[in-house]
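Working notes for the structure below.
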Amino acid sequence: MLRDNGLNTLPGTAAEILDDDVRFLLSRNKLSTEQWKQVIRTAHGCGIRSTSTLMYGHVETPTHWVNQLLLFREIQRETGGFTEFVPLGFVHYNTLLFQQGISRPGPTLAEHLKIHALSRVMLAGAINNIQVSWVKLNRQLSQLCLHAGANDYGGTLMEENISREAGATAGQYTSPEQFQALILEAGRIPAERNTTYTRINIKLQPEEFIVEQAFEPEFA
1 MLRDNGLNTL PGTAAEILDD DVRFLLSRNK LSTEQWKQVI RTAHGCGIRS
51 TSTLMYGHVE TPTHWVNQLL LFREIQRETG GFTEFVPLGF VHYNTLLFQQ
101 GISRPGPTLA EHLKIHALSR VMLAGAINNI QVSWVKLNRQ LSQLCLHAGA
151 NDYGGTLMEE NISREAGATA GQYTSPEQFQ ALILEAGRIP AERNTTYTRI
201 NIKLQPEEFI VEQAFEPEFA
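Heads up: the sequence shown begins at 1 in my numbering, then just goes up one per residue.
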């Protein structure tokens, strides 16, 4: 019904960590791992594409990262329905998980860089777009992640509440011009794209940047 009335993409959020023991601690009232997989496979089967996400920096281990990336790669090879993978750093400041001593205080710098690098390696040839969540990381750390495997700086956003209420301070809005400047500072070339990653236009292409068009990670 939704597809017939115009819906063609949906968010793959609420994945967090697709391990029911971890999910019981994080979000016991949300979908189980099996239910999440069923929803995503059904959506993809109907021609509705989605993002894929993983939240890191709380109670999970690198083993959970690897298992989830393997699952996403498997689903992508079955359906081809994922548009991108987005690692989401846990913002701990105002959360009960942290205040009650259950979680660690968010990801370290090394963890931020490792998850983006690992996802680039493990998802290569399956999910080629790795997005940085600048709202959770901040703009400067997001620039570093463009050198650790990410090729997408994310969207401008008009309003964001979840990360802000958890204590994130990166803000709610970054203008296209600010994005362009930050991406150029990081040595990448800004390119507009739509939700399904069709490139709309390359904003700037200064002579000092040598671009190989087939190497997507050069773009952000």
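For each residue, glycine too, the CB sits at the ideal point set by N, CA and C.
Collapsing the DSSP output to three states places valine 86 in a strand. Cβ neighbours of phenylalanine 90 within its own chain (closer than 6 Å, five residues either side excluded): Met55, Gly57, His58 and Gly106. Note on asparagine 5: under 16 other CB atoms within 10 angstroms of its CB, so exposed under the neighbour-count rule. Annotation for glutamate 60: no beta strand (DSSP E) segment contains it, and DSSP assigns it neither H nor E. Less than 8 Å divides the Cβ of serine 119 from the Cβ of isoleucine 130. Shortest Cα-Cα distance from alanine 124 to any of Ala110, Glu111, Ser133 and Gly149 involves Gly149. A distance below 8 Å between beta-carbons, with the five flanking residues on each side excluded, links serine 50 to the following residues of its chain, in chain order: Thr9, Leu10, Pro11, Gly12, Ile40, Ala43, His44, Gly81, Phe82 and Thr83. If you draw a straight line from the Cα of cysteine 46 to the Cα of leucine 2, it comes to about 10 Å. By the beta-carbon neighbour count (other beta carbons within 10 angstroms, threshold 16), isoleucine 75 is buried. The C-beta separation of arginine 193 from isoleucine 200 comes to about 6 Å, placing the pair in contact by the 8 Å criterion. In the structure shown, the three-state DSSP call for isoleucine 115 is helix.
The shortest C-alpha to C-alpha distance from leucine 25 to any of Phe98, Pro176, His147 and Thr63 is the one to Phe98. In this structure valine 86 does not touch serine 32 by the C-beta definition: roughly 21 Å separates them, more than the 8 Å allowed. A Cβ-Cβ distance of about 5 Å is found for the pair glutamine 68 and leucine 18, placing them in contact under the 8 Å criterion.
Within its own chain, the residues whose Cβ lies closer than 8 Å to the Cβ of leucine 7, once the five positions on either side in sequence are excluded, are Ile48, listed in chain order. Judged by DSSP in its simplified three-state form, aspartate 152 adopts strand. Around the beta-carbon of alanine 191, 16 or more other beta-carbon atoms lie within 10 Å, marking it buried. For asparagine 201, the three-state secondary structure derived from DSSP is strand. Among the bridge pairs identified by DSSP, methionine 55 is matched with Leu88. Threonine 174 and serine 52 have their alpha carbons spaced roughly 23 Å apart.
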